[in-house]
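Before any comments, here is the structure.
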Amino acid sequence: MRLTRGQKTLRNALLCILLAALVYAMLGFPPYTVRGMLDRVERRYLLSDLEPVLVERSSWRYSGDLLAHHTTHLIARTGDSYIYTEFTRHGLEVRPEYRRGTKMGRDALCLGLNGTLYVAGDFTEAASAAVEVTAQRTTRMYDPETEEYELVTQEKETFSYEGEKAGDALFSFRYREGEEGMTSWGAWGPYTGLEGAAYNWYSSYTKGNRDGGRGILHGDLPVKVTLYDGEGGVLDTLELSIDNYELYGNY
0 MRLTRGQKTL
10 RNALLCILLA
20 ALVYAMLGFP
30 PYTVRGMLDR
40 VERRYLLSDL
50 EPVLVERSSW
60 RYSGDLLAHH
70 TTHLIARTGD
80 SYIYTEFTRH
90 GLEVRPEYRR
100 GTKMGRDALC
110 LGLNGTLYVA
120 GDFTEAASAA
130 VEVTAQRTTR
140 MYDPETEEYE
150 LVTQEKETFS
160 YEGEKAGDAL
170 FSFRYREGEE
180 GMTSWGAWGP
190 YTGLEGAAYN
200 WYSSYTKGNR
210 DGGRGILHGD
220 LPVKVTLYDG
230 EGGVLDTLEL
240 SIDNYELYGN
250 Y
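Position 241, counted from 1, in the sequence shown is what numbering that gives the first Met the number 0 calls 240; the numbers after and before it change by one each time, with no gaps.
Below, the structure is given as structure tokens:
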């Protein structure tokens with residue numbers, strides 16, 4: 000039977016839809032929307048009714064890559080539980096936790112992202128907030144002869160920042176000095192302030208190779224958040240912590 004032009008158009012449209020569905024299935028039904036990403040997190044971690052608190056997007060491109068990588072950073076909450084996750088899209092492929100693992104917190108959660116410290120929690124009654132992050136110079140030395148580690152800690156410094164309220168469940172604290180952080184100085188630095196301490200103060204070396212082969216040591220930095228009411232009175236104080244890896248660079 001000879002098809003009319005309209006029937007051919009309909010047939011071709013149906014074939015395109017079928018092909019797109021097959022490709023989508025072959026890719027593992029990747030989530031392309033915030034709601035789809037949160038649904039995926041709910042299924043993976045047996046959660047329900049996640050609501051977005053923060054949605055931030057960033058992009059980067061590896062040398063030689065034709066297409067850029069696009070990352071969606073998410074803080075969400077359900078009840079008094081808070082979760083951070085991220086999804087990275089490259090072309091049609093979407094990968095969860097491509098550069099960072101998921102973080103969870105009860106009552107509050109803090110996250111370092113691109114020079115800003117985010118603190119999520121129930122801040123309905125809070126009018127303002129301040130944060131103090133304490134860094135301590137820490138060096139770990141590995142002795143290959145004894146296969147033992149020596150940990151040396153030195154001076155501490157506390158960095159303080161005023162917060163900006165971004166809703167009833169989020170405060171942001173900008174700690175980066177300058178517009179672009181490390182990228183404004185080339186590949187790595189120099190850093191200053193909290194970002195510099197997070198990068199330069201936590202080091203690991205192998206004995207006999209102190210002048211080279213420095214590694215960046217993971218360290219948990221204490222984070223103290225003070226919440227204030229509209230008259231400047233203290234409502235509450237939160238004692239949290241953050242990995243120094245979250246505090247430098249563009250992640």
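Glycine included, every Cβ here is placed at the ideal spot set by N, Cα and C.
Considering only the alpha carbon of each residue, which of Val-151, Leu-216, Cys-109 and Asp-79 lies closest to Leu-73? Taking the first residue of the sequence shown as position 1, residue 73 is located at position 74. Of the candidates Val-151, Leu-216, Cys-109 and Asp-79, the one whose C-alpha sits nearest the C-alpha of Leu-73 is Cys-109.
Excluding sequence positions up to five away, which residues of its chain have a Cβ less than 6 angstroms from the Cβ of Ala-197? For the purposes of this step, residue 197 is taken as residue 198 along the sequence shown, with counting starting at 1. Taken in chain order, the residues that qualify are Asn-243, Leu-246 and Tyr-247.
Look at the alpha carbon of Tyr-83 and the alpha carbon of Glu-131, and state the distance between them as a whole number of angstroms. Counting from one through the sequence shown, the residue named residue 83 turns up at place 84. Counting from one through the sequence shown, the residue named residue 131 turns up at place 132. So the two alpha carbons sit approximately 21 angstroms from each other.
Distance CB(Thr-101)-CB(Tyr-201) smaller than 8 angstroms: As a first step, residue 101 is located in the sequence shown; it is residue number 102 there, counting from the start. As a first step, residue 201 is located in the sequence shown; it is residue number 202 there, counting from the start. No.
Here's the rule: buried if 16 or more other CB atoms are within 10 angstroms of the residue's CB, otherwise exposed. What is Phe-172? Position 173 of the sequence shown, counting from 1, holds the residue named residue 172. Per the 10 Å Cβ criterion, buried.
Have a look at Lys-206 and Thr-191 and give me their C-alpha separation to the nearest angstrom. On the sequence shown, position 207 is the one that residue 206 refers to. On the sequence shown, position 192 is the one that residue 191 refers to. Between Lys-206 and Thr-191, the C-alpha separation is close to 28 angstroms.
If I follow the unbroken beta strand (DSSP E) through Arg-105, where does it start and stop? On the sequence shown, residue 105 is found 106 positions in, with the first residue counted as 1. Where Arg-105 is concerned, the enclosing beta strand (DSSP E) stretches over 102 to 105.
Using CA atoms only, rank isn't needed, just tell me which of Gly-114, Gly-162, Leu-37 and Leu-65 is closest to Arg-76. Translated into the one-based positions of the sequence shown, residue 76 becomes position 77. Nearest of Gly-114, Gly-162, Leu-37 and Leu-65 to Arg-76, Cα basis: Leu-37.
What are the partner residues of Asp-219, as DSSP defines its beta bridges? Working through the sequence shown from its first residue, we reach residue 219 at position 220. The partner list for Asp-219 (beta bridge, DSSP) reads Asp-242.
In the DSSP assignment, what residue or residues form a beta bridge with Tyr-160? Looking up residue 160 in the sequence shown gives position 161. Answer is Val-130, bridged to Tyr-160.
Our contact map puts Gln-135 next to Thr-115 with C-beta atoms below 8 angstroms; I'd like the distance itself, whole angstroms only. As a first step, residue 135 is located in the sequence shown; it is residue number 136 there, counting from the start. As a first step, residue 115 is located in the sequence shown; it is residue number 116 there, counting from the start. Actually they are not in contact, since the Cβ atoms of Gln-135 and Thr-115 sit about 22 angstroms apart, beyond 8 angstroms.
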